[in-house]
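Report on one structure; see the data block that follows.
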Amino acid sequence: MPEKTILKALAGETQATPPIWMMRQAGRYLPEYRETRAQAGDFLSLCYNPELAAEVTLQPIRRYGFDAAILFADILLVPQALGADLWFVTGEGPRLSTITTQAGMDKLKPVSEIHETLNPVYETVRILSRELPKETTLIGFAGAPWTVATYMIAGRGTKDQGPAHALKSENRPLFEALLDRITEATVEYLSAQIEAGAEVVKLFDSWAGSLKGDDFDRYAVEPARLIISQIKERHPGIPVIAFPREAGDGYIGFHKRTGADCVAVDDSVDAAWVAEHVQVDGCVQGNLKSSHMVTGGQALVDETRRIVDALKGGPHIFNLGHGITPDADPENVQLMIDTIRNG
Ligand code: CP3
Numbered sequence: 001m002p003e004k005t006i007l008k009a010l011a012g013e014t015q016a017t018p019p020i021w022m023m024r025q026a027g028r029y030l031p032e033y034r035e036t037r038a039q040a041g042d043f044l045s046l047c048y049n050p051e052l053a054a055e056v057t058l059q060p061i062r063r064y065g066f067d068a069a070i071l072f073a074d075i076l077l078v079p080q081a082l083g084a085d086l087w088f089v090t091g092e093g094p095r096l097s098t099i100t101t102q103a104g105m106d107k108l109k110p111v112s113e114i115h116e117t118l119n120p121v122y123e124t125v126r127i128l129s130r131e132l133p134k135e136t137t138l139i140g141f142a143g144a145p146w147t148v149a150t151y152m153i154a155g156r157g158t159k160d161q162g163p164a165h166a167l168k169s170e171n172r173p174l175f176e177a178l179l180d181r182i183t184e185a186t187v188e189y190l191s192a193q194i195e196a197g198a199e200v201v202k203l204f205d206s207w208a209g210s211l212k213g214d215d216f217d218r219y220a221v222e223p224a225r226l227i228i229s230q231i232k233e234r235h236p237g238i239p240v241i242a243f244p245r246e247a248g249d250g251y252i253g254f255h256k257r258t259g260a261d262c263v264a265v266d267d268s269v270d271a272a273w274v275a276e277h278v279q280v281d282g283c284v285q286g287n288l289k290s291s292h293m294v295t296g297g298q299a300l301v302d303e304t305r306r307i308v309d310a311l312k313g314g315p316h317i318f319n320l321g322h323g324i325t326p327d328a329d330p331e332n333v334q335l336m337i338d339t340i341r342n343g
């Protein structure tokens with residue numbers, strides 16, 4: 001059995017106190033993050049600066065002693081490495097050059113060239129694997145093909161992923177060729193992170209919830225299964241966390257269908273339901289509402305206890321249902337941790 005608490009949970013061990021980390025734990029709610037980000041310039045410069053990216057990854061570990069550190073990077077670095085233009089508009093979010101035609105697809109770089117752009121990320125991983133405390137697990141990550149494709153097709157975040165759904169129905173071969181290219185790049189990217197020292201990898205499918213029926217099977221389940229099987233073939237023993245956000249009933253059977261060691265769940269599903277329908281197949285991660293990190297108080301304590309209690313019968317990694325927001329109070333994070341660790 002592994003020693004680190006996160007790896008124990010991922011190996012299927014039920015623990016009296018669940019290990020804890022938080023999506024976006026290195027982020028704008030922390031004054032030390034804002035300071036380092038200002039030093040780096042913009043967000044992308046921070047992602048591609050190994051020393052500073054490692055520094056912001058370490059900040060929440062120093063402050064809170066989380067059980068895992070997640071590499072500081074972004075899911076949209078893969079499109080950029082494939083040749084898309086990428087920039088961030090302050091207060092609005094990402095912008096990319098769009099791909100909606102074969103000509104656009106033809107302009108993408110071959111997967112073998114992505115490392116030229118992504119090498120600094122691997123260097124961040126190497127620094128972290130030297131500098132993290134020995135009990136802290138290092139998680140690498142990538143976006144899942146569907147979620148990454150929604151940004152590459154629309155050129156930005158969208159509420160309903162309309163442009164990606166439109167391309168899927170109007171030019172399915174092109175849509176599928178794009179997903180295949182992202183799938184292949186993701187396997188190479190995650191493998192390189194593992195070779196640099198990532199001990200676990202996580203696949204973020206933030207927009208999986210807008211895929212229904214067959215589309216969910218073809219574009220959320222199948223790419224995850226392909227990526228996980230190739231990662232496991234190349235790197236036996238490396239656990240994978242899958243996060244098909246807002247999958248609803250699609251969470252049921254997701255471990256078995258994809259080979260994921262852990263399924264992360266968002267806060268739209270009840271923890272008791274998760275225990276009954278998802279945790280029966282293996283480790284689950286989640287799922288406190290991020291808004292509690294803003295509002296705090298007794299409601300935060302009660303809800304944290306309720307989730308821990310609902311999921312105590314099986315392997316569980318405590319996390320939020322989605323990323324912590326910039327308006328969160330750092331003291332509420334400490335309150336959540338104290339509630340979990342001290343009862
Ligand atoms: O969790 C972590 O702390 C690790 C780093 C990480 C970031 N983004 C840093 C980030 C991870 C794992 C991501 C994943 C990511 N990025 C996702 C999937 C998870 C999710 O949130 O659904 C998505 C969809 C993106 C794309 C992205 N990056 C968007 C839409 C935005 C803008 C929204 C926002 O919060 O501002 C980003 C920017 C981003 N990525 C920030 C951080 C810390 C904020 C940038 C800043 O400092 O200004």
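Anchor point for the sequence shown: position 291 equals 291 in UniProt numbering, and the numbering is continuous, going up by one each time. Note that CB positions come from ideal geometry on N, CA and C, so glycine has one too.
Residues E135, T137 of the same chain have their beta carbon placed closer than 7 Å to that of K4, with the five preceding and five following residues left out of the count. A contact is defined here as three or more CB-CB pairs under 8 Å, and the stretch 37-45 meets this definition with respect to the stretch 85-92. With a threshold of 7 Å, the Cβ atom of Q193 does not count as near ligand 1, since no heavy atom of the ligand is closer than that.
For R234, the enclosing alpha helix (DSSP H) starts and ends at 222-234. In this structure, the C-beta of Q25 approaches ligand 1 to less than 7 Å from one of its heavy atoms. In the assembly as shown, E276 is an exposed residue. Its beta-carbon has fewer than 16 other beta-carbons within 10 Å. CA-CA distance, P120 to N49, rounds to 7 Å. Taking a 10 Å sphere around the C-beta of M1, we find fewer than 16 other C-beta atoms and assign the residue as exposed. For ligand 1, no non-hydrogen atom lies closer than 7 Å to the CB of T136. Three or more Cβ pairs closer than 8 Å define a contact, and the stretch 116-131 meets that threshold against the stretch 68-85. Taking all protein chains shown into account, D267 has 16 or more neighbouring C-beta atoms within 10 Å of its C-beta and is therefore buried. Here N342 is exposed: its Cβ has fewer than 16 other Cβ atoms, across all protein chains shown, within 10 Å. For Q285, there is no enclosing alpha helix (DSSP H); the residue is found in the beta strand (DSSP E) stretching over 283-288. Partner residues in the beta bridge of T137, as assigned by DSSP, are A68. In this structure, A142 lies away from T101, with their beta-carbon atoms at least 8 Å apart.
Excluding five sequence positions before and after T98, the CB atoms of its chain that fall closer than 6 Å to its own CB belong to G155, given in chain order. In this structure, the CA atom of G213 is about 42 Å from the CA atom of L132. Assignment of V265 by DSSP, reduced to helix, strand and coil, places it in the coil class. When C-alpha distances from I340 are compared across Y122, E170, G286, V111, the shortest belongs to G286. Per DSSP, L320 is one residue of the beta strand (DSSP E) stretching across 316-320. By DSSP's assignment, W87 forms a beta bridge with R95.
With contact defined as three or more Cβ pairs closer than 8 Å, the stretch 289-308 and the stretch 323-339 are in contact. For F88, the shortest separation between its Cβ and any heavy atom of ligand 1 lies below 7 Å.
Excluding five sequence positions before and after I238, the CB atoms of its chain that fall closer than 6 Å to its own CB belong to I194, given in chain order.
Looking at the DSSP output, D205 shares a beta bridge with P244. Annotated three-state conformation of V278 is coil, per DSSP. With a threshold of 16 other beta carbon atoms within 10 Å, A208 meets it and is buried.
Of the candidates R95, E188, L58, I228, R95 places its Cα closest to the Cα of T158.
Comparing alpha carbon positions, the residue from V274, I337, A177 closest to P315 is V274. Ligand 1 approaches T147 closely enough that one of its heavy atoms is under 7 Å from the residue's Cβ.
Residue ranges of uninterrupted alpha helix (DSSP H) with 4 or more members, entirely inside the stretch 171-217 and ordered along the chain, are 172-196.
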